[in-house]
Every structure is written in structure tokens, then in C-alpha cells.
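A.B. asks:
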Amino acid sequence: MANISMSELKKGLKIELDGVPYKITEYQHVKPGKGAAFVRCKIKSFLNGKVIEKTFHAGDKCTTPDLQQKTMQYLYDDGEMLQFMDTDSYEQIGLTYDQVGDAEKWIIDGMSVDMMFFNGSAITVEPPMVVELKIVETPPNFKGDSQGGKKPATLESGAVVQIPFHLVEGDIIKCDTRTGEYLEKVK
Numbered sequence: 001m002a003n004i005s006m007s008e009l010k011k012g013l014k015i016e017l018d019g020v021p022y023k024i025t026e027y028q029h030v031k032p033g034k035g036a037a038f039v040r041c042k043i044k045s046f047l048n049g050k051v052i053e054k055t056f057h058a059g060d061k062c063t064t065p066d067l068q069q070k071t072m073q074y075l076y077d078d079g080e081m082l083q084f085m086d087t088d089s090y091e092q093i094g095l096t097y098d099q100v101g102d103a104e105k106w107i108i109d110g111m112s113v114d115m116m117f118f119n120g121s122a123i124t125v126e127p128p129m130v131v132e133l134k135i136v137e138t139p140p141n142f143k144g145d146s147q148g149g150k151k152p153a154t155l156e157s158g159a160v161v162q163i164p165f166h167l168v169e170g171d172i173i174k175c176d177t178r179t180g181e182y183l184e185k186v187k
């Protein structure tokens, strides 16, 4: 476990505080007119998905969490948990809806995801940054709907994104899972 000082903190860094792994989602270095500089961060817990604000001062230290990442395949939702399979050992692991969080709306049966393990226990999954999904429901196009507007579309995974008017049901599109934005139509 390597110690991390205040000067090494940055967005996206994974840290451990009081035995809980976090990811820094927002970071701001503050240098007031009087007194010592400090870092104000928003950190998201890998265990429950809650975001908290934390201020780090010059002497504060935190550690690198014992996190491992493994590629797993999403199998199905059994009503209580989402089931994933290790493609090497064929071992199945179930995660609760809380553990999966927002990633659930981007994954479909058979998709590969990165599962995060903390001290040997599965804690969460991250979908690929860009996914290709089929549009299953969207309003029809009307004459004149061609000038750069957007309309909502429900994808096969259940996610709802804003898409250009020219796209219709059955089209396959690419979406950014971090922002939830439409990227492009798949040819």
C-alpha cells in the first residue's frame, strides 16, 4: 500500500480512506491568500456509489487501495442480482443492483465488462467507455425535423439518450457510457 500525498491527488485517481476504496471525481487545488494550500475533492465510493466531499491538507496521507480489475461477461439478471462469468475459469459471480449502479443501463447479455475486486471481493463493474446498442423505441420523424434537433431514444439496454432526428428504431448507435451521450450511427 503506497502512501499518496496531497500533491499527487488528481481526477480519476483511486484512493483508500478508512478501509473504503474511492475514486476522485472532481478535484480543485485551493491556495487562499492566508494560510496553507489545500485540495478539495469529490470522491465516489466503490462500495456503495455515494459521492462525498473531502478536503486534504498538506500533511494528510491516503493509501492506494488493493483493487484488481478483471474482464467478465454479463450473463443475466436473476431478479435479485446481476450474474457475471469469468471467461477463463467459468466461475459465476453475482452483484447487487446497488453494486452495479448506473452501469446496469449500459450492459446487455453477453457483453464484456471490467469487474473491480477490492481485497479479493467483487464490488462493482464498469461497462466499456463506448458501447454499440440498438434503438428499440423512439418517436417517428416528421417532415421538417431535420435541422439539428434531438429526440429521446430508448436503447436495448434500457438507457435513454438524445439522438438526431434522422435515426429510427432498429438503427445501431455508439454511446459514451461516461456521459450518456450519442456519438455516432454504426454503419
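In UniProt numbering, the protein residues as written are 1 to 187. A virtual CB, placed ideally from N, CA and C, is assigned to each residue, including glycine.
Indicate the three-state DSSP secondary structure (helix, strand or coil) for residue 159 in the structure shown.
C.D. replies: Residue 159: coil per DSSP, three-state reduction.
A.B. asks: Where DSSP assigns a beta bridge to residue 86, which residues make up the other side?
C.D. replies: DSSP, once it has assigned bridges, lists 72 as partnering residue 86.
A.B. asks: If we count Cβ pairs, one from each stretch, closer than 8 Å, do we get three or more for the region 42-54 versus the region 76-95?
C.D. replies: Because the criterion of three Cβ pairs below 8 Å is not met, the region 42-54 and the region 76-95 do not touch.
A.B. asks: Rounding to the nearest angstrom, what Cα-Cα distance links residue 224 and residue 99 in this structure?
C.D. replies: Outside the modelled stretch of the chain, which goes from 1 to 187, sits residue 224, for which no answer is possible.
A.B. asks: With distance defined between alpha-carbon atoms, name the residue in 109, 58 and 18 nearest to residue 47.
C.D. replies: Selected option, being the one with the closest Cα: 18.
A.B. asks: Thinking C-alpha only, which one of 26, 20, 174 and 151 is nearest residue 67?
C.D. replies: Answer by Cα proximity: 20.
A.B. asks: What does DSSP give as the partner residue(s) for residue 187 in the beta ladder?
C.D. replies: According to DSSP, residue 187 bridges with nothing at all.
A.B. asks: Among residues of its own chain, excluding the 5 on either side of residue 39, which ones have a beta-carbon nearer than 6 Å to its beta-carbon?
C.D. replies: 6, 9, 29 and 56.
A.B. asks: If the criterion is Cβ atoms closer than 8 Å, does the pair residue 114 and residue 125 meet it?
C.D. replies: Result yes, Cβ atoms of residue 114 and residue 125 sit closer than 8 Å.
A.B. asks: Buried or exposed: residue 36, going by 16 or more other Cβ atoms within 10 Å of its Cβ?
C.D. replies: When all chains shown are included, residue 36 counts as exposed.
A.B. asks: Tell me where the alpha helix (DSSP H) around residue 100 begins and ends.
C.D. replies: Per DSSP, residue 100 belongs to the alpha helix (DSSP H) from 97-100.
A.B. asks: Roughly how many whole angstroms lie between the Cα atoms of residue 151 and residue 105?
C.D. replies: Distance between the alpha carbons of residue 151 and residue 105 is about 19 Å.
A.B. asks: Which of the three DSSP states is assigned to residue 80 in this structure?
C.D. replies: Of the three classes helix, strand and coil, the one that applies to residue 80 here is coil, per DSSP.
A.B. asks: From this set, 11, 73 and 179, which residue's C-alpha is nearest residue 160's C-alpha?
C.D. replies: Of 11, 73 and 179, the residue nearest in Cα terms is 179.
A.B. asks: Alpha carbon to alpha carbon, how far is residue 71 from residue 81?
C.D. replies: So the two alpha carbons sit approximately 18 Å from each other.
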